[in-house]
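Heads up: the protein sequence lines correspond to chains S and L, in order. The first sequence begins at 435 in the numbering used here and counts up by one. The second sequence begins at 176 in the numbering used here and counts up by one. By construction, the Cβ of each residue, glycine as well, lies at the ideal position given by its N, Cα and C atoms. Here is the structure we will look at.
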Amino acid sequence: MNPVKLLKACYRKVDHWYKLCYNAVFYSCEHISRLTSEMQDRPLGLRERVTHWVHMRMCSWCRRYASQLQFLRRQFGHYAERYPEEADTKMPDDAKSRILKKISDSSKDSL
Amino acid sequence: MVQETRDQLAERWLSQYGDYLFRYALSRVKDASQAEDLIQETLIIALQKIETFQGRSSEKTWLTGILRYRILDHYRKQSRDWRFPVAGEGPEGGWFDEEGHWNRALNDAGMEWEPDPSSLLDRKEFMEALHACIQQLPDKAAAVFVQRELEFQKTSTILEVLNISESNLWVLLHRARNMLKLCIQSKWDTEAKSGGAS
């Protein structure tokens, strides 16, 4: 155990984390907003997660963007389920008769 | 006799589930004529496969399942003509200054939007506004958006079916979300200014 080696190793560790935090602080909001969106689709790597987390602690603009995206995502889910059930739109009658005609024509063909 | 039941079956399906299926398709494709085509395909396939329907699920669920597959196939076919990289840029291009930080001037104008869930979660108008915004998405963004956020497909399935690269998928999804955010914001702003008495 050489104390100098130990010290150097310590320094490298500290330096590594310092740089990571430094980069996290100075990453652009543009980059962070992309990560915010991609988090909804893929697991972020450790580095990305740290970067994102630190940036979020400091930047209220990116926090708001993230909460807006989360809000929208919930709305998309509601929409996907409820639009087919609850919207007022109906299938036009002429569309229905066109479809029925096609179906009865096609069954005559196959007979 | 067989002929008769086939047509009658289609007619009953249309009258019972037609509107639901139509709205389901309409919420996931561009317009009514595409929705109509998809429902026609769905019913024809359902009639062919009627033997395999064993009543384990409801008829409605069964038909919806077939329709969902038709929608996926619709986008698969569409994706064959796609060219990459994606042309132009999303609305987010103008949101940042040269250093990549939020452009405050712009934000002050339109981005104050803080969604208040209690006021709009149950509002039909919000659903209609969202519908209008989704229909305005460009083709590629719409395809990935529909499959990911409305059909809840795994990203691996989307990559395979649409035959696009992972980085293109992330770009398209990010762009679709930003476009919808912008669209919803502007609709919401206009409504808040015009009425607000709800």
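Contacting residues, own chain, Cβ-Cβ under 7 Å from residue i (five flanking each side not counted)
i	result
residue 306/L	202
residue 495/S	463
residue 245/L	213, 216 and 217
residue 199/L	239 and 242
residue 539/S	none
Neighbour flag for residue i against chain L, beta carbons, 8 Å
i	result
residue 478/S	no
residue 516/S	yes
residue 444/S	no
residue 523/S	yes
residue 489/S	no
Cβ neighbour criterion (16 or more within 10 Å) applied to residue i
i	result
residue 518/S	buried
residue 437/S	exposed
residue 226/L	exposed
residue 513/S	buried
residue 320/L	buried
residue 463/S	buried
residue 451/S	exposed
residue 487/S	exposed
residue 443/S	exposed
residue 329/L	exposed
Below-8 Å beta-carbon distance, residue i vs any chain S residue
i	result
residue 342/L	no
residue 349/L	yes
residue 194/L	yes
residue 267/L	yes
residue 300/L	no
residue 275/L	yes
residue 248/L	no
residue 182/L	yes
Residues near residue i by beta carbon distance below 8 Å, same chain, minus five either side
i	result
residue 355/L	305, 308, 309, 312 and 320
Cβ separation of residue i and residue j, assumed to be a contact under 8 Å, to the nearest whole Å
i	j	result
residue 325/L	residue 510/S	6 Å
residue 215/L	residue 533/S	5 Å
residue 351/L	residue 537/S	Wrong, their Cβ atoms sit about 35 Å apart, outside the cutoff.
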